[in-house]
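Taken in sequence, the protein lines are chains A, B, C and D. One point on numbering: in the working numbering, the residue at position 56 of the first sequence is 201, and numbering is uninterrupted. One point on numbering: in the working numbering, the residue at position 95 of the second sequence is 240, and numbering is uninterrupted. One point on numbering: in the working numbering, the residue at position 153 of the third sequence is 298, and numbering is uninterrupted. One point on numbering: in the working numbering, the residue at position 151 of the fourth sequence is 296, and numbering is uninterrupted. Read the structure below first, then the notes.
Protein chains: 4
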Amino acid sequence: MPKISEEKLKAKRDHIIACAFKVFSEKGYDATTMDDIVKLSGVSKGGIYHYFPSKEDVFFDIAEIQLAKRQALIAELASKSDFETFLKVYIKTVIKALDDETEVMNAKFSFEFWSIVTRAPKLQQYAQRRFAGFYKDLEQVFSDGVDGAKSLDVSAIGYVLIATIDGIIHTHAVMGIKASDAVIEYYTKAMINMVKNN
Amino acid sequence: MPKISEEKLKAKRDHIIACAFKVFSEKGYDATTMDDIVKLSGVSKGGIYHYFPSKEDVFFDIAEIQLAKRQALIAELASKSDFETFLKVYIKTVIKALDDETEVMNAKFSFEFWSIVTRAPKLQQYAQRRFAGFYKDLEQVFSDGVDGAKSLDVSAIGYVLIATIDGIIHTHAVMGIKASDAVIEYYTKAMINMVKNN
Amino acid sequence: MPKISEEKLKAKRDHIIACAFKVFSEKGYDATTMDDIVKLSGVSKGGIYHYFPSKEDVFFDIAEIQLAKRQALIAELASKSDFETFLKVYIKTVIKALDDETEVMNAKFSFEFWSIVTRAPKLQQYAQRRFAGFYKDLEQVFSDGVDGAKSLDVSAIGYVLIATIDGIIHTHAVMGIKASDAVIEYYTKAMINMVKNN
Amino acid sequence: MPKISEEKLKAKRDHIIACAFKVFSEKGYDATTMDDIVKLSGVSKGGIYHYFPSKEDVFFDIAEIQLAKRQALIAELASKSDFETFLKVYIKTVIKALDDETEVMNAKFSFEFWSIVTRAPKLQQYAQRRFAGFYKDLEQVFSDGVDGAKSLDVSAIGYVLIATIDGIIHTHAVMGIKASDAVIEYYTKAMINMVKNN
DNA sequence: GATGAATGAGCTTTCATTCAT
DNA sequence: CATGAATGAAAGCTCATTCAT
Numbered sequence: 146m147p148k149i150s151e152e153k154l155k156a157k158r159d160h161i162i163a164c165a166f167k168v169f170s171e172k173g174y175d176a177t178t179m180d181d182i183v184k185l186s187g188v189s190k191g192g193i194y195h196y197f198p199s200k201e202d203v204f205f206d207i208a209e210i211q212l213a214k215r216q217a218l219i220a221e222l223a224s225k226s227d228f229e230t231f232l233k234v235y236i237k238t239v240i241k242a243l244d245d246e247t248e249v250m251n252a253k254f255s256f257e258f259w260s261i262v263t264r265a266p267k268l269q270q271y272a273q274r275r276f277a278g279f280y281k282d283l284e285q286v287f288s289d290g291v292d293g294a295k296s297l298d299v300s301a302i303g304y305v306l307i308a309t310i311d312g313i314i315h316t317h318a319v320m321g322i323k324a325s326d327a328v329i330e331y332y333t334k335a336m337i338n339m340v341k342n343n
Numbered sequence: 146m147p148k149i150s151e152e153k154l155k156a157k158r159d160h161i162i163a164c165a166f167k168v169f170s171e172k173g174y175d176a177t178t179m180d181d182i183v184k185l186s187g188v189s190k191g192g193i194y195h196y197f198p199s200k201e202d203v204f205f206d207i208a209e210i211q212l213a214k215r216q217a218l219i220a221e222l223a224s225k226s227d228f229e230t231f232l233k234v235y236i237k238t239v240i241k242a243l244d245d246e247t248e249v250m251n252a253k254f255s256f257e258f259w260s261i262v263t264r265a266p267k268l269q270q271y272a273q274r275r276f277a278g279f280y281k282d283l284e285q286v287f288s289d290g291v292d293g294a295k296s297l298d299v300s301a302i303g304y305v306l307i308a309t310i311d312g313i314i315h316t317h318a319v320m321g322i323k324a325s326d327a328v329i330e331y332y333t334k335a336m337i338n339m340v341k342n343n
Numbered sequence: 146m147p148k149i150s151e152e153k154l155k156a157k158r159d160h161i162i163a164c165a166f167k168v169f170s171e172k173g174y175d176a177t178t179m180d181d182i183v184k185l186s187g188v189s190k191g192g193i194y195h196y197f198p199s200k201e202d203v204f205f206d207i208a209e210i211q212l213a214k215r216q217a218l219i220a221e222l223a224s225k226s227d228f229e230t231f232l233k234v235y236i237k238t239v240i241k242a243l244d245d246e247t248e249v250m251n252a253k254f255s256f257e258f259w260s261i262v263t264r265a266p267k268l269q270q271y272a273q274r275r276f277a278g279f280y281k282d283l284e285q286v287f288s289d290g291v292d293g294a295k296s297l298d299v300s301a302i303g304y305v306l307i308a309t310i311d312g313i314i315h316t317h318a319v320m321g322i323k324a325s326d327a328v329i330e331y332y333t334k335a336m337i338n339m340v341k342n343n
Numbered sequence: 146m147p148k149i150s151e152e153k154l155k156a157k158r159d160h161i162i163a164c165a166f167k168v169f170s171e172k173g174y175d176a177t178t179m180d181d182i183v184k185l186s187g188v189s190k191g192g193i194y195h196y197f198p199s200k201e202d203v204f205f206d207i208a209e210i211q212l213a214k215r216q217a218l219i220a221e222l223a224s225k226s227d228f229e230t231f232l233k234v235y236i237k238t239v240i241k242a243l244d245d246e247t248e249v250m251n252a253k254f255s256f257e258f259w260s261i262v263t264r265a266p267k268l269q270q271y272a273q274r275r276f277a278g279f280y281k282d283l284e285q286v287f288s289d290g291v292d293g294a295k296s297l298d299v300s301a302i303g304y305v306l307i308a309t310i311d312g313i314i315h316t317h318a319v320m321g322i323k324a325s326d327a328v329i330e331y332y333t334k335a336m337i338n339m340v341k342n343n
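Take a look at the structure:
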């Protein structure tokens with residue numbers, strides 16, 4: 146039985162993660178120092194190593210949480226919608242979310258993650274495997290909700306969908322060039338037609 | 146009278162830039178050390194400072210070249226094509242180029258650039274202004290080549306085009322998940338329809 | 146709760162200051178490296194930055210201590226003597242002190258300080274203000290201890306006294322040309338007469 | 146026979162010395178770079194080494210000139226005056242000169258010189274020997290111009306005179322605390338009385 | 001468990017001097 | 001003689017991590 150309760154431990158870990166997330170989003174991985182995280186979170190310089198073995202681990206733990214969240218969103222929307230609704234709702238959800246500062250941070254963090262991952266081949270493999278999970282859920286939506294889905298290359302469609310939406314998120318959140326309503330409208334229509342008119 | 150000729154000077158500068166470009170693409174800005182560049186390029190540690198006043202300057206000089214090249218590509222294609230041809234050729238050119246390792250490095254560098262720029266508000270403004278140049282050329286293609294172009298929000302269309310293609314480049318080059326021919330086909334059609342069927 | 150006690154912290158800081166003082170006195174500000182201080186003090190290269198944010202800060206912290214000590218000496222002597230006694234004792238104290246190696250270092254450090262300060266206008270203003278404090282205490286001695294003090298330009302007298310004694314210290318400690326007893330005697334008499342016979 | 150005339154060589158050397166003198170006075174020895182001198186003088190980076198084998202040599206050549214000038218001043222004044230006149234004129238000459246910016250630079254350079262010299266024992270010996278020359282000329286004035294000069298410790302008197310006047314120059318030129326007319330008057334009287342009333 | 005002082009390798013940058021042209 | 005590109009040792013400072021308390 147630990148001296149402090151499991152919950153407290155978990156709560157503190159979560160607190161550190163929340164703070165680290167903020168700093169990583171703002172400054173990027175390399176420019177973020179353990180001191181930045183330590184100062185923002187209020188833990189001691191030694192203390193943080195009770196919760197995470199290294200700076201890298203803090204970063205990748207956050208990344209894992211991020212990836213899980215996005216996958217969960219897709220899975221949830223997919224489970225209760227036909228394809229067109231899914232597409233509309235997903236795009237709207239993801240892009241409109243960018244009005245929220247936390248979501249902009251999410252986006253920044255995510256691109257930073259891929260930058261880092263790229264540099265370490267081992268990590269890249271893991272990340273790609275992790276990423277593949279997205280497609281599975283998408284395929285489910287396609288096969289359930291679209292007439293003639295079988296004639297579609299669902300993997301390719303999923304790729305286009307995820308890749309292009311990431312592009313818009315990147316332009317909006319990282320590059321700071323805001324996507325107007327017209328942008329979202331054009332984009333949504335284009336994606337829907339991509340499947341329908343195929 | 147300089148000790149060595151203008152050409153040699155320029156050649157050496159270009160050589161340093163090529164080497165730095167490689168390292169920056171592979172490791173990112175922060176993780177790249179001047180020593181990395183120095184070792185790869187073969188100049189001396191002090192010598193590099195004859196050509197660039199700081200690491201930052203090496204990076205941004207490369208960025209400027211990159212931006213100019215992409216803008217030039219757009220401008221060139223735009224000048225001699227109707228919109229549909231432009232779209233097809235542009236997408237093909239940009240995405241097929243990713244088979245070339247140098248272009249993958251270009252892509253990595255470019256995303257790294259936006260990561261860095263994001264952290265310094267002043268740079269971001271410059272970058273956004275720089276970026277705006279892309280749209281001007283695109284608009285020209287639209288207004289010339291598309292019936293009823295005036296009813297199109299060319300700015301929004303341009304945004305979608307550039308942002309989504311960047312997304313595919315990112316997924317392909319940075320995340321390392323290769324875009325199949327099917328992906329490119331779906332994507333190209335979707336973009337063409339976005340304008341035509343509007 | 147800090148890992149080590151306040152006293153130990155203070156003691157270590159004082160130790161670093163003592164070592165830095167020695168090196169600065171011997172080599173001057175610019176020629177002194179952090180490594181010199183680090184090696185002499187036995188702390189680690191990173192460790193010194195726990196105590197001082199920069200080399201400059203080490204230097205100016207020492208300078209502040211020095212200035213305070215000299216001012217304290219003047220204030221103390223001034224408080225318990227008539228002018229003539231003060232003058233004799235002060236000159237004797239300051240100049241005789243130069244037999245002590247630490248005091249020679251004090252002198253060297255002090256002139257080095259003024260050299261450095263001179264180059265940064267902002268610091269110069271601070272230093273001049275700091276210096277003005279000396280005169281106030283001197284004025285007190287003059288007005289209390291000298292008949293007809295009011296007819297004296299105490300500010301000018303103070304200037305001559307401090308400037309000339311600094312000159313002797315400089316010649317003795319920095320230039321290394323020792324002041325004989327005869328020098329001190331001539332000088333002391335001259336200063337006493339300067340006030341008395343006025 | 147050299148390709149360019151001796152005079153041109155000498156002129157260029159003098160020009161470099163004048164520029165170096167300016168920079169050394171402003172920034173001190175260590176903070177002055179060869180580049181500073183090179184830029185101000187307009188010679189090339191390699192060219193300066195035709196005239197001086199090292200930075201140190203530039204500095205000490207200037208110092209030598211300085212010392213010679215001051216000695217010449219003393220010698221000249223000494224040769225044509227009785228002691229009291231000499232004292233008055235010398236003090237006036239030296240101190241009033243401080244209104245001139247070049248002379249302030251002279252003073253700064255001189256104190257910088259002694260700082261540097263201090264750090265190298267070999268140089269210090271040279272400098273002390275060099276300095277001893279001043280006394281010889283002074284002694285001549287004393288023995289010629291003062292009744293009972295033989296009862297005076299002319300060496301001690303000379304020390305006080307030179308050391309104290311240096312103190313005033315230091316306070317005025319280096320510390321930047323200007324000496325008023327009253328200061329000079331008090332000081333001059335004190336020095337004259339030091340000899341007369343002895 | 002928690003703390004923060006300590007470590008030292010490694011970073012970017014500077015600069016007196018050299019030497020090919 | 002003149003030039004300025006090249007050199008590389010060394011500077012001040014940072015920071016992930018460790019460990020005595």
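From the three backbone atoms N, C-alpha and C, an ideal C-beta is built for every residue, glycine too.
Within chain D, partners of residue i - CB distance below 9 Å
| i | result |
| --- | --- |
| residue 273 of chain C | 320, 321, 322 |
Neighbour flag for residue i against chain C, beta carbons, 8 Å
| i | result |
| --- | --- |
| residue 310 of chain D | yes |
| residue 147 of chain D | Any reading at residue 147 of chain D is ruled out, since the residue's pLDDT is 47, under 50, leaving its predicted position unreliable. |
Residue i, enclosing alpha helix (DSSP H) - first and last residue
| i | result |
| --- | --- |
| residue 154 of chain C | 151–172 |
| residue 175 of chain B | Note, residue 175 of chain B: premise wrong, no alpha helix (DSSP H); not H, not E. |
| residue 315 of chain A | Per DSSP, residue 315 of chain A belongs to no alpha helix (DSSP H) and is neither H nor E. |
| residue 188 of chain C | Counting along the chain, residue 188 of chain C falls outside any alpha helix (DSSP H), and DSSP gives it neither H nor E. |
| residue 232 of chain D | 228–241 |
| residue 223 of chain D | 200–224 |
| residue 342 of chain D | Where residue 342 of chain D is concerned, there is no enclosing alpha helix (DSSP H), given that its DSSP letter is neither H nor E. |
| residue 255 of chain D | 246–264 |
Chain-ordered neighbours of residue i on chain B, where CB pairs are closer than 9 Å
| i | result |
| --- | --- |
| residue 250 of chain A | Residues of chain B passing the Cβ test: none, with the nearest at roughly 11 Å. |
| residue 269 of chain A | 320, 321 |
Interface residues of chain D facing residue i [CB-CB closer than 8 Å]
| i | result |
| --- | --- |
| residue 305 of chain C | 313, 328, 331, 332, 335 |
| residue 263 of chain C | 253, 319, 320, 321 |
Partner residues on chain C for residue i, Cβ-Cβ distance less than 7 Å
| i | result |
| --- | --- |
| residue 301 of chain D | 325, 327, 328, 331 |
Collapsed DSSP secondary structure at residue i in the structure displayed
| i | result |
| --- | --- |
| residue 183 of chain B | helix |
| residue 297 of chain A | coil |
| residue 334 of chain B | helix |
| residue 321 of chain C | coil |
Residues that residue i contacts on chain A, provided the C-beta gap is smaller than 9 Å
| i | result |
| --- | --- |
| residue 192 of chain B | By Cβ distance, chain A contributes nothing, its closest Cβ being about 25 Å from residue 192 of chain B, past 9 Å. |
Min CB distance residue i to chain A below 8 Å
| i | result |
| --- | --- |
| residue 237 of chain B | no |
| residue 298 of chain B | yes |
Cross-chain neighbours of residue i in chain C, by beta carbon under 8 Å
| i | result |
| --- | --- |
| residue 178 of chain D | Neighbours of residue 178 of chain D on chain C: none; closest Cβ ~11 Å, over 8 Å. |
| residue 316 of chain D | 304, 307, 308, 311 |
Residue-chain proximity (residue i, chain D), Cβ-Cβ < 8 Å
| i | result |
| --- | --- |
| residue 276 of chain C | yes |
| residue 282 of chain C | no |
Minimum Cβ-Cβ distance from residue i to chain B less than 8 Å
| i | result |
| --- | --- |
| residue 175 of chain A | yes |
| residue 155 of chain A | no |
Amino acids of chain D, ordered along the chain, whose beta-carbon sits closer than 7 Å to that of residue i
| i | result |
| --- | --- |
| residue 151 of chain C | Correct list: empty, because the minimum Cβ distance to chain D is about 37 Å. |
Chain-ordered chain C contacts of residue i [CB-CB under 9 Å]
| i | result |
| --- | --- |
| residue 257 of chain D | 260 |
| residue 172 of chain D | 264 |
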